[in-house]
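Chains as they are written, first to last, in my numbering: chain A, 1 to 114; chain B, 115 to 224.
All C-beta atoms in this analysis are idealised placements derived from N, C-alpha and C, irrespective of residue type, glycine included.
No experiment lies behind these values; they were computed from the predicted model shown.
Here is the structure we will look at.
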């Protein structure tokens, strides 16, 4: 079974703090994604990576950065957390392939910024 | 446009049948996904339709009409554990991305 893990299920941080969210997958997938999920808005893509050290902006990259130093690990960084970044953060991965659209999700990190 | 629309919330009775609709607008098309997400948990894959018609998987079936930009998820013999949000999604312009609907929260009552 594909396994995607995230470093924390719940996290509380203060405004202005630097926050690291870690994601690890064990299926050798090339592609990894970070989403945030807010009520009524669905999943919104923050960043994705299609290879080690490669990254692409998604729909809402402002206030975030990412790091992909190893294939299995994709980190999301909030340089200076703000209250509007309180959300559920979901990591996902998928293999490369013309018909490989299915994404596999981690359990999510619920981040609260106070 | 890339909008995907689905109802915000639906209520159904245990043992009944419910149909959750999803409409989308796009000129290109590479299939449509349905995911299930229980409260506080990650989305899990239910189905992927790339051709028109109905695909059945046990109590769950998914239908697609590409010409109408329309899909539905049909849940039969509803159980309390089916209470969850159901998300539809379609591939974006690149091979990497999925475009997501906001999800339909399904409430099952005894």
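Query, Result
"With 8 Å as the threshold, decide whether the Cβ of residue 43 of chain A is near any Cβ in chain B.", "yes"
"Can you give the Cα-Cα distance for residue 50 of chain A and residue 131 of chain B, rounded to whole angstroms?", "40 Å"
"Are the C-beta of residue 95 of chain A and some C-beta of chain B separated by less than 8 Å?", "no"
"Any idea if residue 157 of chain B is buried or exposed, counting beta-carbon neighbours within 10 angstroms, 16 or more meaning buried?", "buried"
"Alpha carbon to alpha carbon, what distance is there between residue 172 of chain B and residue 152 of chain A?", "What the structure shows of chain A is the stretch from 1 to 114, and residue 152 of chain A is not part of that stretch, so it cannot be assessed."
"Report the residues of the stretch 33-65 of chain A with a CB closer than 7 Å to any CB of chain B, ordered along the chain.", "40, 41, 42, 43, 45, 48, 50"
"In its own chain, which residues sit with a C-beta less than 8 Å from the C-beta of residue 68 of chain A, not counting the 5 before and 5 after it?", "32, 49, 51, 52, 53, 54, 55, 74, 75"
"Flag residue 106 of chain A as yes if its beta-carbon sits less than 8 Å from any beta-carbon of chain B, otherwise no.", "yes"
"Out of curiosity, what's the CA-to-CA distance linking residue 89 of chain A and residue 110 of chain A?", "6 Å"
"If distances are taken between C-alpha atoms only, which option among B:164, B:129, B:205, B:152 comes closest to residue 217 of chain B?", "B:152"
"Confirm, please, whether the CB-CB distance from residue 163 of chain B to residue 146 of chain B is below 8 Å.", "yes"
"Determine the contact status of residue 60 of chain A and residue 20 of chain A, defining contact as a CB-CB distance below 8 Å.", "no"
"Could you tell me which whole alpha helix (DSSP H) segments of length 4 or greater appear in the stretch 18-99 of chain A?", "none"
"One question on the structure: do residue 178 of chain B and residue 166 of chain B come within less than 8 Å of each other, judged by their Cβ atoms?", "yes"
"Should residue 133 of chain B go down as buried or exposed, given a rule of 16 or more other Cβ atoms within 10 Å for buried?", "exposed"
"Measure the C-alpha to C-alpha separation of residue 201 of chain B and residue 80 of chain A and round it to an integer number of angstroms.", "31 Å"
"Verify the CB distance criterion: does residue 28 of chain A have a CB-CB separation below 8 Å to chain B?", "no"
"Chain B partners of residue 90 of chain A, CB-CB under 7 Å?", "156"
"Enumerate in chain order the residues of its own chain whose CB-to-CB distance from residue 125 of chain B is below 6 Å, with the five nearest sequence positions on each side excluded.", "221"
"Which same chain residues, not among the five before or five after residue 185 of chain B, have their C-beta less than 7 Å away from its C-beta?", "136, 146, 163, 176, 177, 178, 202"
"Between A:28, A:13, A:36, which lies nearest to residue 93 of chain A when the distance is taken from Cα to Cα?", "A:28"
"Quick check: is the beta carbon of residue 25 of chain A nearer than 8 Å to any beta carbon in chain B?", "no"
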